[in-house]
Amino acid sequence: MAKKQKTFRPKARVPRGFHDRLGSELTAERDMLARISAVYEAHGFDALETPAFEYTDALGKFLPDVDRPNAGVFSLTDDDEQWMSLRYDLTAPLARFVAENYDGLPKPFRRYQVGPVWRNEKPGPGRYRQFTQCDADTVGAPAPHADAEMCALFADVMEAAGIVRGDYIIRLNDRRLLAGLMEIAGLAGDAAEDEAQRMTVLRALDKLDRLGEDGVKLLLGAGRKDASGDFTEGAKLDAGQIDRVISFVTATAQTNAQTCARLREFFTGSETGLAGVQTLDEMTVQLAALGYKEDRIRIDLSIIRGLEYYTGPVFEADLTFEATDDKGRPVRFGSVGGGGRYDGLVKRFKGVEVPAVGISVGVSRLLAALALKENAAKVATGPVVVLALEKDRMAAYQQMAAELRDAGLRAEVYLGGSNFAKQLKYADKRGAPLAIIQGEDERAKDEVTIKDLVLGAALSKNIEDNKQWREGQPAQFTVKRSALVEAVKKALAR
RNA sequence: GCCGCCUUAGCUCAGUUGGUUAGAGCGCUUGAUUGUGGAUCAAGAGGUCCCCCGUUCAAUCCGGGGAGGCGGUACCA
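Residues in the first sequence are numbered consecutively from -5, following the working numbering.
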């Protein structure tokens, strides 16, 4: 039969929308999370961890009229036929946790949470199906003080993450303004199609930054055809309605106080709208008193933030610096986090209104943005590598590495089977800052040679001749064995 | 989901108007430069030309279907 038995070889590949991360990519995220968590901790938030899976009904992601979860969440049935889903954010699990443990928790309840979330949707640039979120929420506190704190916290977190002041902006809006706008524009009907129209209007406004005023006008009216020829149905507003809506989103003024003044005028007669203005006014006054001015936190009337559960103030953190990708094309970062007030979320479980406000920071996007900004700054991040030149002296080499580790340094012994040149090549590829060399010669004199690989690489640029390169033995020096740790520390400090 | 473009070596890409051994650069491996990463030189490994079906004496190339990638758009808690 088969002369060549075909062995099944699975293709080694990571599922689409997911990806592996190695070394500095991971430690960079860990460090950032630690810095953000420290800010949350300092503000009094308690750490919380919840499982990756939740029952789908608790997440609120069943499709209407179908006994099946929303396609956007990863779901499976438990062995008792109950639907379970991977969490798609950290807010829904929080609502479940608060409802489940309501009586025992201090109110207001303040917690922060860090972890992966999953979304089963089309991946795009900077958009994955698993990514890390870092949230803080205050549950059981009404506006505007908790909301103002959240905005301030948001700004602090951005700076803790490494975004310098001026490179980010926290934009602020209130959902009640948008509701009031609907009243004023004559879109406040109760029928299902009125609701659908309002949603379409909100979605159109959300695209202001990307499509510009003209694009949004099209979406508010008949509809818009995009670059690929695809047509998006519009909200079918008449010209007067479009003008009114556009005049609202473009009413953002230089200062928050001016914006609020304009809004009071705009919303004369709309109770809902005025309530929103009142809250924004109080928040921005309070923030200004703490030193958070328009350079960090600004009212921006085009911020929408999703359609589902926000009931009051909404915030969004945007990066404002420019960057280009590895092909030199300009990159638009978009939002790196958002949040707002959601007074109805716990009500789903408990029947009582529990006011809550929170923020969510997209750590993966922040890291991607920072990486593009500092694209030149690649530093040696590997361990100090102790070369293993004499095979029967491994214990001595391990001893050196151990001493370096005891001094708090990253160090390892070369464990492969190759010669001197290969070992240095390995150290180079690892991004090792230094190599520790003790061969026959050094051993005889009770010495070690310390080679600065970073400096050596720099020097090599001016050397063409191999003989000169080798005999010059650039960027290395020899010390007594007993002085190893001190010498390495000194070399690393440079 | 919808629209468009794309898929040949680890990477970036040539190429075959359908024909026997499918190429380059970079990378990788090994060696030389007698214990030193770079540079140089020499040799070498590596490909179901995305998958399946069809047309054909013959398909990496033509036709159909599928998958994956990229971009736009929609949705986005």
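Using N, Cα and C, we set each Cβ at its ideal position, and we do this for glycine too.
Given the structure is predicted, the values throughout are model-derived calculations rather than measurements.
Starting from residue 69, trace the beta strand (DSSP E) in both directions and tell me its first and last residue.
The residue you call residue 69 lines up with position 75 of the first sequence. For residue 69, the enclosing beta strand (DSSP E) starts and ends at 69 to 71.
Hey, how far is the Cα of residue -2 from the Cα of residue 24?
Counting from one through the first sequence, the residue named residue -2 turns up at place 4. Counting from one through the first sequence, the residue named residue 24 turns up at place 30. Any reading at residue -2 needs caution, since the residue's pLDDT is 35, under 50, leaving its predicted position unreliable; the model's value is listed next. The alpha-carbon atoms of residue -2 and residue 24 are separated by roughly 48 Å.
Assuming contact is defined by CB atoms lying nearer than 8 Å, are residue 317 and residue 363 in contact in what I supplied?
In the first sequence, residue 317 corresponds to position 323, counting from 1. In the first sequence, residue 363 corresponds to position 369, counting from 1. Cβ atoms of residue 317 and residue 363: closer than 8 Å.
Going by alpha carbons, who is nearest to residue 233 out of 224, 116, 90, 216?
Translated into positions along the first sequence, residue 233 becomes position 239. Measuring from the Cα of residue 233, the nearest candidate turns out to be 216.
How long is the line joining the alpha carbons of residue 187 and residue 193, rounded to whole angstroms?
Here residue 187 refers to the residue found at position 193 of the first sequence. Here residue 193 refers to the residue found at position 199 of the first sequence. So the two alpha carbons sit approximately 10 Å from each other.
At what residues does the beta strand (DSSP E) containing residue 108 begin and finish?
The sequence position of residue 108 within the first sequence is 114, counting from 1. Looking at the DSSP string, the run of the beta strand (DSSP E) that includes residue 108 is 103 to 112.
Residues sharing a beta bridge with residue 49, DSSP
Taking the first sequence and counting its residues from 1, the one referred to as residue 49 is at position 55. Paired residue(s): 78.
Counted within 10 angstroms of its Cβ, other Cβ atoms place residue 370 as buried (16 or more) or exposed
Along the first sequence, one-based indexing puts residue 370 at 376. Residue confidence is low: residue 370 scores 47 on pLDDT, short of 50, so the model does not pin down where it sits. Its coordinate-derived value is still stated next. Exposed, because fewer than 16 other Cβ atoms sit within 10 Å of the Cβ of residue 370.
With distances taken from CA atoms, which of 257, 400, 461, 52 is nearest residue 238?
For the purposes of this step, residue 238 is identified with residue 244 of the first sequence, where counting begins at 1. If we check each option's Cα against that of residue 238, 257 comes out closest.
From residue 418 to residue 439, what distance separates their C-alpha atoms?
By 1-based counting over the first sequence, the position of residue 418 is 424. By 1-based counting over the first sequence, the position of residue 439 is 445. C-alpha separation (whole angstroms): 22 Å.
Span separating the alpha-carbon of residue 336 from that of residue 289
As a working note, residue 336 is residue 342 in the first sequence. As a working note, residue 289 is residue 295 in the first sequence. Straight-line Cα distance between these residues: approximately 26 Å.
Bounding residues of the alpha helix (DSSP H) (the contiguous stretch that carries residue 168)
Here residue 168 refers to the residue found at position 174 of the first sequence. Residue 168 -> not in any alpha helix (DSSP H); beta strand (DSSP E) instead, spanning 162 to 168.
Drop a sphere of 10 angstroms on the beta-carbon of residue 103, count the other beta-carbons inside from all chains shown, and report buried for 16 or more, exposed for fewer.
Counted from its first residue, the first sequence places residue 103 at position 109. Buried, by the Cβ-count rule.
Whole angstroms are fine: how far does the CA of residue 100 sit from the CA of residue 145?
On the first sequence, residue 145 is found 151 positions in, with the first residue counted as 1. On the first sequence, residue 100 is found 106 positions in, with the first residue counted as 1. In a straight line, the C-alpha of residue 145 is about 22 Å away from that of residue 100.
Along the alpha helix (DSSP H) that carries residue 467, what are the first and last residues, could you check?
Walking along the first sequence from the start, residue 467 turns up at place 473. Per DSSP, residue 467 lies in no alpha helix (DSSP H) and is assigned neither H nor E.
Give the DSSP-derived three-state secondary structure of residue 198 in the structure shown.
Looking up residue 198 in the first sequence gives position 204. In the structure shown, residue 198 sits in a helix (DSSP, three-state: H, G or I).
Throw me the rounded Cβ distance for the residue 129 and residue 297 pair, which I believe falls under 8 Å.
By 1-based counting over the first sequence, the position of residue 129 is 135. By 1-based counting over the first sequence, the position of residue 297 is 303. Residue 129 to residue 297, Cβ: 18 Å. No contact.
Among the residues of its own chain, which have a CB less than 7 Å from the CB of residue 453, if the five just before and after it don't count?
What you label residue 453 is simply residue 459 of the first sequence in a count that begins at 1. Counting only Cβ-Cβ distances below 7 Å, and skipping sequence neighbours, we find 468, 469.
With a Cβ-Cβ cutoff of 8 Å, do residue 267 and residue 148 count as a contact?
Counting from one through the first sequence, the residue named residue 267 turns up at place 273. Counting from one through the first sequence, the residue named residue 148 turns up at place 154. No. Outside cutoff.
Within 10 angstroms of its Cβ, does residue 43 collect 16 or more other Cβ (buried), or is it exposed?
Counting from 1 along the first sequence, the entry for residue 43 is found at position 49. Looking at its Cβ environment, which holds fewer than 16 other Cβ atoms inside 10 Å, residue 43 is exposed.
Got a sec, what are the start and stop residues for the alpha helix (DSSP H) residue 87 sits in?
The residue given as residue 87 occupies position 93 in the first sequence. It spans 85 to 94 - the alpha helix (DSSP H) in which residue 87 sits, taken as one unbroken run.
Cβ neighbours of residue 397 in the same chain (closer than 7 Å, five flanking residues each side left out):
If you number the first sequence from 1, residue 397 lands on position 403. Result list for residue 397: 478, 479, in chain order.
Measure the C-alpha to C-alpha separation of residue 432 and residue 420 and round it to an integer number of angstroms.
Residue mapping note: residue 432 aligns to position 438 of the first sequence, counting from 1. Residue mapping note: residue 420 aligns to position 426 of the first sequence, counting from 1. Each residue's Cα considered, the two are about 17 Å apart.
Distance check for residue 143 and residue 249, CA to CA, integer angstroms please.
Residue numbering aside, residue 249 sits at position 255 when the first sequence is read from its first letter. Residue numbering aside, residue 143 sits at position 149 when the first sequence is read from its first letter. Roughly 20 Å between the two C-alpha positions.
With C-beta atoms as the reference, is residue 245 less than 8 Å away from residue 205?
Along the first sequence, read from residue 1 onward, the residue named residue 245 stands at position 251. Along the first sequence, read from residue 1 onward, the residue named residue 205 stands at position 211. No, the Cβ-Cβ distance between residue 245 and residue 205 is not below 8 Å.
To the nearest whole angstrom, what separates the beta carbons of residue 379 and residue 424, a pair I think is in contact under 8 Å?
Locating residue 379 in the first sequence gives position 385, counting from the first residue. Locating residue 424 in the first sequence gives position 430, counting from the first residue. At roughly 6 Å, the Cβ-Cβ gap stays under 8 Å, so residue 379 and residue 424 are in contact.
Can you tell me the Cβ-Cβ gap for residue 281 and residue 291, rounded? I've got them flagged as a contact below 8 Å.
Numbered from 1 along the first sequence, position 287 holds the residue referred to as residue 281. Numbered from 1 along the first sequence, position 297 holds the residue referred to as residue 291. Going by Cβ atoms, the distance from residue 281 to residue 291 rounds to 6 Å, so yes, they are a contact pair.
Could you check the C-alpha separation between residue 342 and residue 77 for me, to the nearest Å?
Here residue 342 is taken as the residue at index 348 of the first sequence, counted from 1. Here residue 77 is taken as the residue at index 83 of the first sequence, counted from 1. Each residue's Cα considered, the two are about 18 Å apart.
Given residue 229, which residues of its chain have a CB within under 8 Å of its CB, disregarding the five upstream and five downstream residues?
Position 235 of the first sequence holds residue 229. Result list for residue 229: 191, 194, 195, 198, 213, 214, 215, in chain order.
By how many angstroms is the C-alpha of residue 235 removed from the C-alpha of residue 283?
As a first step, residue 283 must be located in the first sequence, where it is residue number 289. As a first step, residue 235 must be located in the first sequence, where it is residue number 241. Taking the straight line from one Cα to the other gives about 38 Å.
Beta-carbon proximity list for residue 275, same chain, < 7 Å, skipping 5 on both sides
By one-based count along the first sequence, residue 275 stands at place 281. Within the same chain, residue 275 has close Cβ partners 254.
Excluding the 5 residues preceding and the 5 following residue 114 in the sequence, name in chain order all residues of the same chain whose CB lies nearer than 7 Å to its CB.
As a working mapping, residue 114 is identified with position 120 in the first sequence. Cβ within range, chain order: 65, 66, 67, 68, 123.
So, at 6 Å on beta carbons, what are the nonlocal neighbours of residue 472 in its own chain, with the 5 sequence-adjacent residues on each side left out?
Counted from its first residue, the first sequence places residue 472 at position 478. Non-local beta-carbon contacts of residue 472 in its own chain, meaning distances under 6 Å to residues more than five positions away in sequence, involve 441, 443 in chain order.
Would you kindly work out how many angstroms separate the C-alpha atoms of residue 169 and residue 273, rounded to a whole number?
Along the first sequence, read from residue 1 onward, the residue named residue 169 stands at position 175. Along the first sequence, read from residue 1 onward, the residue named residue 273 stands at position 279. A straight-line Cα-Cα distance of about 11 Å links residue 169 and residue 273.
In whole angstroms, what separates the C-alpha of residue 181 from that of residue 27?
In the first sequence, counting from the first residue as 1, residue 181 sits at position 187. In the first sequence, counting from the first residue as 1, residue 27 sits at position 33. Roughly 43 Å separates the two Cα atoms.
Same chain, Cβ closer than 6 Å to residue 349, five either side skipped, listed in chain order:
Along the first sequence, read from residue 1 onward, the residue named residue 349 stands at position 355. Closer than 6 Å at Cβ, skipping near neighbours: 136, 337.
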